[in-house]
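Engineer: What follows is a single structure, and I will ask about it in a moment.
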Amino acid sequence: MHVATVQGDSSYVKLLLKFSDITKPSQAKPVIHIKHNTEHYIETRGSPVFCKARRLVPEKLQAAKREFQLLVSQGWCRPSKSAWASPLHMVTRKDDWRPCGDYRRLNTQNVPDRFRIPYVHDFAQNLFNKKIFFSTIDLVRAYHHIPVAAADVPKTTVKILFGLFEFLFMPLGLCNAVL
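In structure tokens form, the structure reads like this:
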């Protein structure tokens, strides 16, 4: 759902219209104007993890190149010279591929949060037999609305056949990231 599908003059419609830039798909402007003080920290133990790049079939390689061109142009990631690097993993999307870091080795060195954000399914169980109203708002690239702490940006680096890229905003796959 995005603003084009909502009708009426309710407070919900006004709220969606006020923040339409985060609920409608648009590649035109970067989402780097953060209006909150939340940052994602990656506390680790041990020496940096560095992996070599994985080979990709041509279709996945082209999808990765397109996506990283977009990510860099939007200011969500940048080329890197980090001592850290995780391999790229390509996940199936509706009609394309979504690149994300394979952070399994990094996650083994990550100090887990003691008070993680609850799972959505656990929250839903608490609503059993309650009268509730549901609404769905799908934020465009929601992970990229949360900046990574400056000192931890190098830890988000992914190694791809065409270079190293580090994320300035939270990428998919980190163990203490929102699920």
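Residue 297 is where the sequence shown starts when you use the working numbering, and the numbers rise one by one after that.
Where a beta carbon is used, it is the ideal one built from N, C-alpha and C, also for glycine.
Everything numeric in this text was worked out from a predicted model, so none of it was measured.
(1) Taking the alpha-carbon positions, what's the serine 369 to isoleucine 442 distance?
(2) When every heavy atom of the ligand HEM is checked, does at least one fall within less than 7 Å of the C-beta of threonine 404?
(3) Among Ile338, Pro344, Glu462, Cys396, whose alpha-carbon lies nearest the alpha-carbon of lysine 377?
(4) With a cut-off of 8 Å on the beta carbons, I'd call methionine 466 and histidine 336 a contact; round off their distance for me.
(5) Step through the CB atoms of chain B and report whether any lies within less than 8 Å of the CB of lysine 314.
(6) By a C-beta neighbour count over all protein chains shown, 10 Å radius and 16 as the cutoff for buried, is threonine 452 buried or exposed?
(7) Identify every residue that forms a DSSP beta bridge with glutamate 462.
(8) In its own chain, which residues sit with a C-beta less than 7 Å from the C-beta of aspartate 448, not counting the 5 before and 5 after it?
(9) What residue range does the beta strand (DSSP E) around leucine 423 cover?
(10) Is the distance from the Cβ of cysteine 347 to the Cβ of arginine 389 below 8 Å?
(11) Taking the alpha-carbon positions, what's the leucine 464 to aspartate 409 distance?
(12) Please report the distance separating the alpha-carbon of threonine 334 from that of histidine 440.
Structural biologist: According to the data block:
(1) In the sequence shown, the residue the question calls residue 369 occupies position 73. In the sequence shown, the residue the question calls residue 442 occupies position 146. Taking the straight line joining both Cα atoms gives about 17 Å.
(2) What this structure holds is no ligand at all, so the ligand HEM is not there to describe.
(3) The sequence position of residue 377 within the sequence shown is 81, counting from 1. Checking every option, the nearest Cα to that of lysine 377 belongs to Glu462.
(4) By 1-based counting over the sequence shown, the position of residue 466 is 170. By 1-based counting over the sequence shown, the position of residue 336 is 40. In this structure methionine 466 touches histidine 336 by the C-beta definition: roughly 5 Å separates them, less than 8 Å.
(5) The structure shown contains no chain B; it is built from a single protein chain.
(6) Within the sequence shown, numbered from 1, the residue matching residue 452 stands at position 156. Buried is the call here.
(7) The residue given as residue 462 occupies position 166 in the sequence shown. Looking at the DSSP assignment, glutamate 462 forms a beta bridge with Arg374.
(8) Looking up residue 448 in the sequence shown gives position 152. Answer for aspartate 448: Tyr337, Ile338, listed in chain order.
(9) Locating residue 423 in the sequence shown gives position 127, where the first residue counts as 1. Taken as a continuous stretch (DSSP letters only), leucine 423 belongs to no beta strand (DSSP E), as it is neither H nor E.
(10) Along the sequence shown, read from residue 1 onward, the residue named residue 347 stands at position 51. Along the sequence shown, read from residue 1 onward, the residue named residue 389 stands at position 93. Going by C-beta atoms, cysteine 347 is not nearer than 8 Å to arginine 389.
(11) Within the sequence shown, residue 464 is the residue found at index 168, counting from 1. Within the sequence shown, residue 409 is the residue found at index 113, counting from 1. Looking at the two C-alpha atoms, the distance is approximately 20 Å.
(12) Here the question's residue 334 lines up with position 38 in the sequence shown. Here the question's residue 440 lines up with position 144 in the sequence shown. Using only the alpha carbons, I get a separation of about 12 Å.
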